[in-house]
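What follows is a single structure, written as structure tokens, with notes after it.
Number of protein chains: 2
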Amino acid sequence: MDMMNDGHGAHSTAPQPEVRGTRVRGTRQAGALTAVLADLPAFSSAQDIHAELRRRGERIGLTTVYRHLQVLAEDGSVDTIRDAGGETLYRRCETVSHHHHVTCRSCGRSVEVEGRAVERWADKVAAEAGYVDIDHTLEIFGLCPDCARSRT
Amino acid sequence: MDMMNDGHGAHSTAPQPEVRGTRVRGTRQAGALTAVLADLPAFSSAQDIHAELRRRGERIGLTTVYRHLQVLAEDGSVDTIRDAGGETLYRRCETVSHHHHVTCRSCGRSVEVEGRAVERWADKVAAEAGYVDIDHTLEIFGLCPDCARSRT
DNA sequence: AACCGCAATGAAAACCGGTTCCATCGTCAT
DNA sequence: ATGACGATGGAACCGGTTTTCATTGCGGTT
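For the protein sequence lines, the chains are A and B, in the order given.
Quick note on the working numbering: the first sequence kicks off at -17 and runs consecutively.
Quick note on the working numbering: the second sequence kicks off at -17 and runs consecutively.
Written as structure tokens, this is what we have:
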């Protein structure tokens, strides 16, 4: 049931891990994906990212895109959110600490916001109810200035 | 997503609405589903709800369960959340006003909590970023007392 | 009670995002 | 250059949800 993007469960693996002898290989595809992620300012679906890679002339399979995004998400290199349709969206992570997003439901652009107060609140109410091992998800959606304007 | 309320809230919008002539029909299936929802205290998937209906000897199709849950969710008669696997879970709504849930990730049982403070916070930070038409999703997961105990 | 129209139903098929298989490819240490 | 093994990717698969469409049955009418 649950075991996907958990709350940063395991301690990290460095960007370029090196597990005794065998190390992560630098492939053309991995580099291209990283490059595209660096360019995309908005949360995008794996399929959109794959399409963008193809648009740029990269030869890369959808499977590979999914695989890399999964790993990057575990690393904390990319943030993930679920849109209203349940689809997972990805974007390069800007800040390391825990944060939330205000995302444009039209274009996907988002800004990161601190959420310490909310976290404390969540932990508090959950604890009051007797729950333990608490985790939470919080996403804020709206229309960014640009999209709001062009929608008048 | 979009409201599909007929623009005639004229008379009775009761459990058994009858808007002008022929509209919502009182079917065996609809009743059974409502009954099961009334009994289930935890967030359950459409498939689980369907299984429970069958267990009770009801003849009802999975499609119908999905359709009803969809409508009830729009009505606000049932609350919905997404579990970690992206599956939608349903539960009868207890309080009318806006609220959030502290849900057990093991058994699905949940308690409703007020969230005015969080809402204000969400609206504030979003507004500061220039976003409008703000909406948000917030779910808290943990282990309920019972599940925490039996997990020693 | 018999009749009818249309909403409701539901089995099967379509859909869809995402994952797994596995044969092949390409990197990197030697 | 060579070989081993990780990386790749097209196809098959998976599971939840929606759509299709022929059939059913609720309810008002005759």
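C-beta: ideal position from N, C-alpha, C; glycine also.
Taking the Cα positions, B:Ala17 is about 40 angstroms away from A:Ala99. Nearest CB-CB separation between B:Pro23 and chain A: not below the 9 angstroms threshold.
At the C-beta level, A:Val53 and A:Ala28 stay beyond 9 angstroms of one another.
In this structure, DSSP gives A:Val78 a state outside helix and strand, which the three-state scheme calls coil. In the three-state scheme derived from DSSP, where H, G and I count as helix and E and B as strand, B:Ala111 is classed as coil. Flagged as an interface residue toward chain B: A:Ala130, by a C-beta distance shorter than 9 angstroms. Neighbourhood of A:Arg64 in chain B, by CB distance below 9 angstroms: Arg64, Gly68, Thr119, in chain order. Contact with chain A is absent for B:Tyr72, since none of that chain's Cβ atoms lies less than 9 angstroms from the residue's Cβ.
Taking the CA atoms as reference points, B:Arg41 sits about 22 angstroms from B:Ala55. Sequence-ordered contacts of the region 79 to 112 of chain B with chain A read Val84, Cys86, Arg87, Val93, Val95, Ala99, Val100, Trp103, Ala104, Val107, Ala108, Ala111, Gly112 [C-beta pairs closer than 8 angstroms]. Three or more Cβ pairs drawn from the region 115 to 127 of chain A and the region 81 to 90 of chain A lie within less than 8 angstroms of each other, which places the two stretches in contact. Under DSSP, A:Gly124 forms a beta bridge with A:Cys86. Straight-line measurement puts the Cα of B:Leu35 at about 12 angstroms from the Cα of B:Ser26.
Taking every protein chain shown into account, the CB of B:Ser92 has 16 or more other CB atoms within 10 angstroms, so this residue is buried.
DSSP places A:Glu34 inside the alpha helix (DSSP H), whose first and last residues are 28 to 37. Secondary structure of A:Glu69 (DSSP, three-state): coil.
Annotation for B:Asp105: Ile116 place their beta carbon closer than 7 angstroms to its own, counting only its chain and skipping 5 residues before and after. Taking a contact as a CB-CB distance under 8 angstroms, the pair A:Leu120 and A:Gly97 counts as one, their CB atoms being some 7 angstroms apart.
Inclusion of A:Leu15 and A:Leu44 in the CB contact set at 9 angstroms is not warranted, their separation being larger than that value.
The beta carbon of B:Cys126 sits closer than 9 angstroms to some beta carbon of chain A.
In the DSSP annotation of this structure, the continuous segment of the beta strand (DSSP E) that includes B:Glu94 starts and ends at 92 to 95. B:Thr62 carries a strand assignment under DSSP once its states are collapsed to helix, strand and coil.
Here B:Arg102 is exposed: its Cβ has fewer than 16 other Cβ atoms, across all protein chains shown, within 10 Å. Any Cβ of chain A closer than 9 angstroms to the Cβ of B:Val53 would place that residue at the interface, and such an atom is absent.
For A:Ala14, the enclosing alpha helix (DSSP H) has its first and last residue at 10 to 21. At a Cβ-Cβ threshold of 9 angstroms, B:Leu22 and B:Arg73 count as neighbours. Chain-ordered, the chain B residues with CB closer than 7 angstroms to the CB of A:Val114 read Gly124, Leu125, Ala130. Between A:His118 and the set A:Gly8, A:His82, A:Glu94, A:Leu19, the nearest pair of CA atoms involves A:His82. In terms of Cβ geometry, B:Val78 and B:Leu19 do not form a close pair [threshold 9 angstroms]. For B:Ala55, the enclosing alpha helix (DSSP H) has its first and last residue at 44 to 57.
According to DSSP, B:Ala24 shares a beta bridge with B:Arg91.
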